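Since the structure comes first, as structure tokens, the remarks are kept for the end.
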Amino acid sequence: WAVEVAERTASLVASWQGVGFTHGVLNTDNMSVLGLTIDYGPFGFLDAFDPSYTPNTTDLPGRRYCFANQPDIGLWNIAQFTSTLSAAQLINDKEANYAME
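FYI, in my numbering the residues of the sequence shown are 158 to 258.
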């Protein structure tokens, strides 16, 4: 199950990257296990290729959630998700590690 969530997340973020969509706030609570885009308050689209683009004005200093960082943030969010599932003994460490591959 965790692998399916990871695959859905990867597919979603790849789709975003393909059309220049920038979510703006990719906190773990703004991700969906169904692979859906949710809670996209300050979202935006690239007008021209700019990897550091962020539509979130509160993100401007560090640009944590900028366009270029979305794949890494998606992976980080999956790591938090699988870590939580593992800590709750809903999956074992082997399954958590496999989902991260």
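Just so you know, even glycine gets a beta-carbon here, dropped at the ideal spot from N, CA and C. Values in this document were obtained by computation on a predicted structure and should not be read as measured data.
Separation of V176 from I235, as counted between CA atoms: 22 Å
Could you give the first and the last residue of the continuous alpha helix (DSSP H) run that contains Q237? 227-244
Would you call the CB atoms of Q237 and T185 closer than 8 Å? yes
On the three-state DSSP scale, how would you describe T179? strand
Compute the distance between the beta-carbons of A159 and I230, then report whether it is under 8 Å. no
Residue interval of the alpha helix (DSSP H) (run including M188): From DSSP, M188 is part of no alpha helix (DSSP H); its letter is neither H nor E.
Between which two residues does the alpha helix (DSSP H) carrying N254 extend? 250-257
Using the rule of at least 16 other Cβ atoms within 10 Å of the residue's Cβ for burial, across every protein chain shown, is V162 buried or exposed? buried
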